[in-house]
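*Asks:* Numbering (mature numbering (1 follows the signal peptide of the UniProt record, and there is no 0)), first residue to last: -18 to -1, 1 to 284. Idealized CB from N, CA, C, for every residue including glycine. I'd like to ask you about the structure that follows.
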């Protein structure tokens, strides 16, 4: 059976329009029943799906209309782990030192549109420079096309940790970033870092509980927070209605993160059964980011 074209329903988020948009869909996926519906009309108003009706309803002559009678239409995808400001490439580490914030902002607009037109209408952005917050706001105001973004703003790390923004820098450039920049080395600094994320307009909190595959460090899997530090972060995040996501590859750091109250484990590469059992007990979820690991492995081949 040939793979037919599937058009994902991204039109409702491309731009928030005041006018009403109509779509005639030849095949529309009913996600609740798990089956395809034939000959449907979708009505979108102010960027939101207003109604879904059986049959091809009459459309006003001057209406914003898309004829998708020969297409397969489905709701947009959700990606739980993205970084909208960047795209991994061989020049990524150099760009860190030569790109201005405006360069990053322009790139993020491009990546947002690519993400949307790939079918992802909602994403969770887990770490950047803070431009990701401005990007979210620009999309919400209809200034640029992109998916609905829930962003952590800047990640929170320990000194030298995976999300320490000075990792890999020449010592003269390294400086000493603190909670404002997302670096915390005590429960008190962890609480302060969360409050800075709140002040900046984040939607959630991201910590790096272990090293990472792309860390410029000796160890990519060592634990990087104490349980007390993580608990201070999660308790403060709860005060502001944030959930906490934890980047984690090594099992010990992962276990500490779950014990400390995070809501999701990102990657979970070397997860043990002990950690799995604790996650079930604590109602913590795994975001496996499978394609990220495959891409890194492929690009590491010589």
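Check whether the Cβ atoms of residue 248 and residue 63 sit closer than 8 Å, and answer yes or no.
*Replies:* By 1-based counting over the chain shown, the position of residue 248 is 266. By 1-based counting over the chain shown, the position of residue 63 is 81. Closer than 8 Å, so yes.
*Asks:* With burial defined as no fewer than 16 other Cβ atoms inside 10 Å of the residue's Cβ, what is the status of residue 9: buried or exposed?
*Replies:* In the chain shown, counting from the first residue as 1, residue 9 sits at position 27. By the 10 Å Cβ count, residue 9 comes out buried.
*Asks:* Is the distance from the Cβ of residue 145 to the Cβ of residue 190 below 8 Å?
*Replies:* Position 163 of the chain shown holds residue 145. Position 208 of the chain shown holds residue 190. Contact: yes.
*Asks:* If you count every other CB in all the chains shown that lies within 10 Å of the CB of residue 161, and 16 or more means buried, which is it?
*Replies:* Residue mapping note: residue 161 aligns to position 179 of the chain shown, counting from 1. Looking at its Cβ environment, which holds 16 or more other Cβ atoms inside 10 Å, residue 161 is buried.
*Asks:* Are the Cβ atoms of residue 148 and residue 157 separated by less than 8 Å?
*Replies:* The sequence position of residue 148 within the chain shown is 166, counting from 1. The sequence position of residue 157 within the chain shown is 175, counting from 1. Result yes, Cβ atoms of residue 148 and residue 157 sit closer than 8 Å.
*Asks:* Would you grab the beta carbon distance between residue 176 and residue 219 for me? Rounded to a whole angstrom, and I think it's under 8 Å.
*Replies:* For the purposes of this step, residue 176 is identified with residue 194 of the chain shown, where counting begins at 1. For the purposes of this step, residue 219 is identified with residue 237 of the chain shown, where counting begins at 1. Right, their Cβ atoms sit about 5 Å apart.
*Asks:* Which of the three DSSP states, helix, strand or coil, is assigned to residue 11?
*Replies:* Here residue 11 corresponds to residue number 29 of the chain shown, with the count starting at 1. Strand at residue 11.
*Asks:* By how many angstroms is the C-alpha of residue 228 removed from the C-alpha of residue 75?
*Replies:* Here residue 75 refers to the residue found at position 93 when the chain shown is read from its first residue. Here residue 228 refers to the residue found at position 246 when the chain shown is read from its first residue. One C-alpha to the other measures close to 23 Å.
*Asks:* State the start and end residues of the unbroken beta strand (DSSP E) segment that holds residue 286.
*Replies:* Limits of the chain in this structure are -18 at one end and 284 at the other, which puts residue 286 out of reach.
*Asks:* What residue range is occupied by the uninterrupted beta strand (DSSP E) comprising residue 245?
*Replies:* Position 263 of the chain shown, counted from the first residue, corresponds to residue 245. Run containing residue 245: none; DSSP gives neither H nor E here.
*Asks:* Can you give the Cα-Cα distance for residue -17 and residue 93, rounded to whole angstroms?
*Replies:* Position 2 of the chain shown, counted from the start, is the residue given in the question as residue -17. Position 111 of the chain shown, counted from the start, is the residue given in the question as residue 93. Here residue -17 scores only 40 on pLDDT, less than 50, and its place in the model is too uncertain to base an answer on.
*Asks:* Could you tell me the boundaries of the alpha helix (DSSP H) in which residue 92 lies?
*Replies:* Locating residue 92 in the chain shown gives position 110, counting from the first residue. Unbroken alpha helix (DSSP H) run through residue 92: 83 to 99.
*Asks:* Sort 17, 71, 151 and 15 by Cα distance to residue 274 and report the nearest one.
*Replies:* On the chain shown, residue 274 is found 292 positions in, with the first residue counted as 1. Nearest C-alpha to residue 274: 71.
*Asks:* Would you list the residues sitting across from residue 117 in a DSSP beta bridge?
*Replies:* On the chain shown, residue 117 is found 135 positions in, with the first residue counted as 1. Bridge partners of residue 117: none, in fact.
*Asks:* Kindly list the residues whose CB is nearer than 7 Å to the CB of residue 241, restricted to its own chain and excluding five residues on each side of it in sequence; keep chain order.
*Replies:* Position 259 of the chain shown, counting from 1, holds the residue named residue 241. Answer for residue 241: 209 and 260, listed in chain order.
*Asks:* Kindly indicate which residue of 22, 35 and 205 has the alpha-carbon position closest to the one of residue 232.
*Replies:* Numbered from 1 along the chain shown, position 250 holds the residue referred to as residue 232. Measuring from the Cα of residue 232, the nearest candidate turns out to be 205.
*Asks:* Looking at the secondary structure, which residues open and close the beta strand (DSSP E) in which residue 75 lies?
*Replies:* Locating residue 75 in the chain shown gives position 93, counting from the first residue. Note, residue 75: premise wrong, no beta strand (DSSP E); alpha helix (DSSP H) at 74 to 80.
*Asks:* Name the one or two DSSP bridge partners that residue 64 has.
*Replies:* Walking along the chain shown from the start, residue 64 turns up at place 82. DSSP, once it has assigned bridges, lists 107 as partnering residue 64.
*Asks:* In the DSSP assignment, find the unbroken beta strand (DSSP E) run with residue 56 in it and report its ends.
*Replies:* Stepping through the chain shown from its first residue, residue 56 is reached at position 74. Counting along the chain, the beta strand (DSSP E) containing residue 56 begins and ends at 46 to 56.
*Asks:* By the three-class DSSP mapping on this structure, what secondary structure does residue 274 have?
*Replies:* Within the chain shown, residue 274 is the residue found at index 292, counting from 1. Residue 274 falls in the helix class under three-state DSSP.
*Asks:* Taking the straight line between their C-alpha atoms, what separation do you get for residue 267 and residue 83?
*Replies:* Residue 267 sits at position 285 when you count from the first residue of the chain shown. Residue 83 sits at position 101 when you count from the first residue of the chain shown. Using only the alpha carbons, I get a separation of about 33 Å.
*Asks:* May I ask you to report which of helix, strand or coil DSSP gives residue 195?
*Replies:* Translated into the one-based positions of the chain shown, residue 195 becomes position 213. DSSP places residue 195 in coil when its eight states are reduced to three.
*Asks:* Who are the Cβ neighbours of residue 97 in its own chain at under 6 Å, not counting the five residues just before and after it?
*Replies:* One-based indexing of the chain shown puts residue 97 at position 115. Excluding sequence neighbours, residue 97 sits near 129.
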